[in-house]
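Worksheet for the structure shown next.
2 protein chains.
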Amino acid sequence: MSSRKTPERGYFAGQDLQGLADRLREGAVTSAELTAHALDAVRGLDQELNAFVSVDAEGALESARKADAELAAGDDLGPLHGIPVAVKDIIETAGMRTTMGSAHFADHVSTADAECVRRLRAGGAVIVGKTTTHEFAYGPTGDRAAGGASRNPHDPAAMSGGSSGGSAAAVAAGMVPLAVGTDTGGSVRIPAALCGVAGFKPAYGAVPADGVFPLSRSLDHVGVIARTPRDCRTAYRVLAGLRAGPPRSAGGPATVGWIAPGALFETDREVEELARAALSGRAVQEVELGDAAGLRQTYNGIQDAEAYAVHAERVADAPELFTPEVLERLQAAARTPGWRHVRAFEERQRWRAEVARLLSHHDLLALPTTPFAAPAVGQREIEVNGREVEVRWGLLSLTSPWNIAGVPALTVPVGTSRGLPVGLQLVCRPGDEDLLFAFAAGIAG
Amino acid sequence: MSSRKTPERGYFAGQDLQGLADRLREGAVTSAELTAHALDAVRGLDQELNAFVSVDAEGALESARKADAELAAGDDLGPLHGIPVAVKDIIETAGMRTTMGSAHFADHVSTADAECVRRLRAGGAVIVGKTTTHEFAYGPTGDRAAGGASRNPHDPAAMSGGSSGGSAAAVAAGMVPLAVGTDTGGSVRIPAALCGVAGFKPAYGAVPADGVFPLSRSLDHVGVIARTPRDCRTAYRVLAGLRAGPPRSAGGPATVGWIAPGALFETDREVEELARAALSGRAVQEVELGDAAGLRQTYNGIQDAEAYAVHAERVADAPELFTPEVLERLQAAARTPGWRHVRAFEERQRWRAEVARLLSHHDLLALPTTPFAAPAVGQREIEVNGREVEVRWGLLSLTSPWNIAGVPALTVPVGTSRGLPVGLQLVCRPGDEDLLFAFAAGIAG
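Protein sequences, first through last, are from chains Z and P. Residue 3 in the numbering used here sits at position 3 of the first sequence; the count goes up by one each step and never skips. Take any residue in the second sequence, note its place counting from 1, add 445, and you have its number in the numbering used here.
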């Protein structure tokens, strides 16, 4: 990665949501000014990063002025009121183009808002634009899409990760303080980790997926990417329809079960050490995974069938509109037999029971978010601890188990390896999100 | 069918459960005597009908004597106490051989009771023996099994129907007053209709399927076969863990939506007329099915994948232990792609909504149970209204929609066509079972 350099950052690089919300309410800044900062940052940085597929400057400024008027009138819609937000381009946003990262939808303009977008707007958020997604969200690398790869703000030669690559790059580059993504096998957490920001995948179904173009319906989650765990919490609660408010207090220091990632995938020693070191001083126990070997087959057994069911007619009618790698993967997915899909659901039940067992012994589970830092754009094999391994499954291997289980999972940045960010992943029981966020805030802080 | 003759009948041919229960409590008969009658009938008739795979004379008589002692001591376990019952041979019964109709399980002795059997025993029922099932319950004809075909008491050259063929034949021949079966696409209702008795498939999950060898888990139901709807109700309530007691009274005469069966399958005109005529004098409206054309693909898309997932290792390791037709069907089922399975579940959701809509307009839906009366054992094509049609899908075509929907469905005998029985099928909302049984009692009466 020869082009490494100190990257530029936009206005929001040093900002958090609470600070922005306070300044908006103090009159120290207006939403229109914040939105102009976001638009400036996109103009200045996105040539290189390709984080955005489209920007709605006019619509955003109009929403911002409306938010300013509402706030001035004392009509406070909550913590995202007046905040510029970016939305992944597989999420429908009324009146805006939504391409799914695909030539199939090059001219598609959404006629209605996805439920998560409706909730953002109801909370007064200002939607600045749509972020680059891996084509149909079908890939963890973020470098195959009709509009080209999104790139890593820490090094534009490095992949952003995906599929919510543009959302992660936009936050990491300080273009926006918050972006919405989706996560089927890690598509929020992977790019957040590779780009050095926080990313949260809620419990399955906690944020409705209506109006999100499906990848694999039983694995798809709507999630958020922001600079800090606290900002993830704020945005998550808006999207989940929960009241804003202080965290439920925990009953004592959280106990953590450390999952040595080698049980799931060959993991770079430095990456593993950084993640493990971030927990030093905490109550950590080693966890033995009872049943991890089959998780790749389980994940693929579920996803292949569900993904091809979404795309069968497009593959038959207009295969040339897919990029070759995605087309090839879909054609392979078509061949997964139905009985393997059924078996995968049976395995999923067993894995859920195993995860429930682990989370009855530990408040949180912890492991690296990815087994290695960002590979180069387009790279498909990488050397890890002296072995060549697959980039694609490698990226998914530590995050997808929590999609299969449907439990909340957060990534927080814990340092850099050879100049590129590394994430620590934390997993909790549904309902223990506040404990997760509070613990992570201590780590990330 | 050259061998047609006036069939012999066993002791229970003219008996109903309430009458038997009354006589047991009056001391007019003992459970030991009833059990001896059942064993006599099996001995006398089963050479011809092959309804039973195994009979547990000793165990049954022991249970009967215990029931007699309990009843004499005033320890009344309810309406099945002391009643001889037969159980389909894919349902585990502790200490008895359970073959699944397959050479794979020729020597399998159950180590525990299925939950439905546990409930029968807890209700004091006397389990007489295990009834012939189509091999692994995988067929509606009842004529492929390791132990040979079960036969129709109305004409032993005619098929019993299946897969619970032995259960239906045993009740129709008066060997027992009650038999338990399973119903994945009609496997209780089809043989009940072809043999001229009543058969009830409860709502999905209303009777636990634990301990029942699976055919297709999301379609499998445990059901009952008896002479009358009232007897079906009595047995159903025991199996479902509901209190015995008088039916919940209806708010007025039930309204019925008549589904012309031609929308689902070419139906013999005489069969259709008999079923329709049984409703004369009732409040009947014609029903238009919105979405019936794809139901066969939906059913097979679900069943193929689920069935092969159960049998994959057996097909790989010991294909020679299957009968050829069942092996061939399983090998075809293995090729159903996963995405078709996913689509089938999507179609299922649409069909469920359609059925819910129909049942919001009508208390009951009615149609024939099968499109034709019993074909000959081994027959796979049949002429209906001058057209050659498939026997297998024909038998399933009118019953399987209610497995896909998971709603209760009952068949009652409504006469004979060319000397063989014809069934009327009635479908209701889960929760409206009493209304269904009461209406059917009026028909069958």
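Every residue gets a Cβ at the ideal spot worked out from N, C-alpha and C, and that includes glycine. Model, not experiment: these values are computed from the prediction.
Minimum Cβ-Cβ distance from residue i to chain Z less than 8 Å
i: residue 781 of chain P; result: yes
i: residue 975 of chain P; result: No answer is possible for residue 975 of chain P: the residues shown for chain P start at 446 and end at 890.
i: residue 757 of chain P; result: yes
i: residue 461 of chain P; result: no
Where residue i meets chain Z, residues with beta-carbon distance less than 9 Å
i: residue 971 of chain P; result: Nothing about residue 971 of chain P can be reported from this structure: the residues present for chain P run from 446 to 890 only.
Within-8 Å CB hit, residue i to chain P
i: residue 308 of chain Z; result: yes
i: residue 9 of chain Z; result: no
i: residue 6 of chain Z; result: For residue 6 of chain Z, the predicted structure reports a pLDDT of 48, less than 50, and the residue's modelled location is therefore unreliable. The matter cannot be settled from this model.
i: residue 428 of chain Z; result: no
Beta-carbon gap between residue i and residue j smaller than 8 Å
i: residue 184 of chain Z; j: residue 216 of chain Z; result: yes
i: residue 846 of chain P; j: residue 709 of chain P; result: yes
i: residue 305 of chain Z; j: residue 341 of chain Z; result: yes
i: residue 223 of chain Z; j: residue 188 of chain Z; result: yes
i: residue 528 of chain P; j: residue 462 of chain P; result: yes
i: residue 855 of chain P; j: residue 706 of chain P; result: no
i: residue 879 of chain P; j: residue 727 of chain P; result: no
i: residue 759 of chain P; j: residue 549 of chain P; result: yes
i: residue 210 of chain Z; j: residue 272 of chain Z; result: no
i: residue 34 of chain Z; j: residue 119 of chain Z; result: no
i: residue 141 of chain Z; j: residue 166 of chain Z; result: no
i: residue 753 of chain P; j: residue 789 of chain P; result: no
i: residue 225 of chain Z; j: residue 192 of chain Z; result: yes
i: residue 616 of chain P; j: residue 657 of chain P; result: no
i: residue 102 of chain Z; j: residue 136 of chain Z; result: yes
i: residue 681 of chain P; j: residue 666 of chain P; result: no
i: residue 42 of chain Z; j: residue 55 of chain Z; result: yes
i: residue 258 of chain Z; j: residue 295 of chain Z; result: no
i: residue 398 of chain Z; j: residue 303 of chain Z; result: no
Within chain P, the residues that residue i reaches when beta carbons sit closer than 7 Å
i: residue 305 of chain Z; result: 783, 784, 786 and 787
Cβ-based burial, residue i [other Cβ within 10 Å; buried from 16]
i: residue 234 of chain Z; result: buried
i: residue 134 of chain Z; result: buried
i: residue 451 of chain P; result: At residue 451 of chain P the pLDDT is 48, less than 50, meaning the model places this residue with poor confidence and gives no usable figure here.
i: residue 447 of chain P; result: Note on residue 447 of chain P: pLDDT 42, under 50, position unreliable in the model; no value is reported.
i: residue 870 of chain P; result: buried
i: residue 27 of chain Z; result: exposed
i: residue 177 of chain Z; result: buried
i: residue 503 of chain P; result: exposed
i: residue 319 of chain Z; result: exposed
i: residue 804 of chain P; result: buried
i: residue 445 of chain Z; result: For residue 445 of chain Z, the pLDDT reaches just 45, beneath the cut-off of 50, and the residue's location in the model is therefore unreliable, leaving the point undetermined.
i: residue 348 of chain Z; result: buried
i: residue 310 of chain Z; result: buried
i: residue 518 of chain P; result: exposed
i: residue 253 of chain Z; result: exposed
i: residue 231 of chain Z; result: buried
Contact with chain B by residue i, beta-carbon distance below 8 Å
i: residue 376 of chain Z; result: Checking the listed chains, one finds no chain B in this structure; the protein chains it contains are Z and P.
Can you find at least 3 beta carbon pairs, one from the region 40-57 of chain Z and one from the region 149-163 of chain Z, that sit closer than 8 Å? yes
Touching or not, the region 404-423 of chain Z and the region 372-392 of chain Z, by the rule of three or more beta carbon pairs under 8 Å? yes
Quick one: any contact between the region 311-330 of chain Z and the region 757-772 of chain P, if contact means 3 or more CB pairs under 8 Å? no
contact_flag[the region 120-138 of chain Z, the region 72-79 of chain Z] where n(CB pairs < 8 Å) is 3 or more: yes
May I ask you to verify whether the region 58-67 of chain Z touches the region 107-118 of chain Z, counting CB pairs closer than 8 Å and requiring at least 3? no
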